[in-house]
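By the count of our numbering, the sequence shown reaches residue 453 at its end, each step adding exactly one.
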Amino acid sequence: MKIAEVGTLWRSNGLAAPLVLQADGCVDLILRDDELLVAGPSTRAFVGRGSSRGETLGIRFLPGLANSALGRSLLELRDLQLDASDVLTPSRRQAGLSLLRRLRDANGSEVVEVASADIAAEYSLLPATQGWTAVAREAAVLGESAAALARRLTISERQLHRRMVASFGYGYTALRRVVHAQRARAMLRAGVASSEIAYRAGYCDQAHFTREFLKLAGTTPGSFTSVTQA
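Spelled out as structure tokens, the structure:
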């Protein structure tokens, strides 16, 4: 479920068995087994697990927004999953825990109401200066260079990098890599040949595409296609 100006509310009924999760550049606030976790910005595939006692749910923040929502820089959280008590202030931890517990315990119709009102109230009051993060996300989708994005924002490339690291937890190049991999996955699902994807998704060649896809999706393009078409 999409939450305007925040991100996505997601639920999973998967078991506690390990599961390969693909990089999406996002930060997640997760309630699993009644414990609050923070999954830092992901720039590579990693192995996660679901709940051993029922449903897992979380709030996935749009790339670049979680530092304001969680009140901290994200660089040291990159590609990590940590207990919220080690990451957040006590008040922010309690707010996130209470909110996700309400969502977990709500029935179907209540979930929409709680999510729309409470998540927005808790996390969408972001500084006006964060509007540039939407520009950065758009630029990555369009394939713009860091130099072109810096010009759009009327800042230097060095300033852009500092902003990206503080707000996203990684640089603009890493954001473009994540976007390329997402585009490649969409094309693989649509049945596009790997050789064509390497060109259309912005990779140097087929070998580059395969290496990058393995790092960010945790599997090869061929294996990904076999699973999605099974």
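Built from N, CA and C at the ideal position, the CB exists for glycine as well.
Here the C-alpha atom of A397 lies approximately 7 Å from the C-alpha atom of T266. When rounded, the separation of the alpha-carbon atoms in L323 and A362 is 32 Å. For E299, DSSP assigns no beta-bridge partner whatsoever. Secondary structure remark: continuous alpha helix (DSSP H) runs of at least 4 residues inside the stretch 248-300, in chain order: 289-293.
Buried is the label assigned to C249, since at least 16 other Cβ atoms lie within 10 Å of its Cβ. Put simply, of Y426, E228, T433 and M410 the residue whose alpha carbon is nearest the alpha carbon of L288 is E228. In the structure shown, the three-state DSSP call for T448 is helix. When DSSP states are grouped into helix, strand and coil, G331 belongs to the helix group.
When the five nearest sequence neighbours on each side are left out, the beta carbons in the same chain lying within less than 8 Å of the beta carbon of P444 are those of A407, L411, S417, I420, F432, T433 and F436, in order along the chain.
Around the beta-carbon of N290, 16 or more other beta-carbon atoms lie within 10 Å, marking it buried. In terms of Cβ geometry, A338 and L320 do not form a close pair [threshold 8 Å]. Of all alpha-carbon atoms in F284, R423 and A404, the one lying nearest the alpha-carbon of F447 is that of A404. By the Cβ neighbour-count rule, M224 is exposed, with fewer than 16 other Cβ atoms within 10 Å of its own. Shown here, I342 sits in a helix according to DSSP, grouped into three states.
DSSP, read as helix, strand or coil, puts T443 in coil.
Each of S314, L254, A343 and V335 was checked against the Cα of L305, and the nearest Cα belongs to L254.
Non-local beta-carbon contacts of D341 in its own chain, meaning distances under 6 Å to residues more than five positions away in sequence, involve L322 in chain order. Per DSSP, S368 is not a residue of any alpha helix (DSSP H), being assigned neither H nor E. For L305, no alpha helix (DSSP H) run applies; the uninterrupted beta strand (DSSP E) run containing it begins and ends at Q304 to D306, by DSSP. The Cβ neighbour count for L311, taken over all protein chains shown within 10 Å, is at least 16; the residue is labelled buried.
Per DSSP, the unbroken beta strand (DSSP E) holding L232 starts and ends at G230 to S235. Secondary structure note for L398: its alpha helix (DSSP H) is the uninterrupted segment Y395 to R412. Beta-carbon to beta-carbon, R375 and V358 are separated by about 6 Å, close enough to satisfy the 8 Å threshold. Burial is judged here by how many other beta carbons sit within 10 angstroms of a residue's own beta carbon; V450 has fewer than 16 and is exposed.
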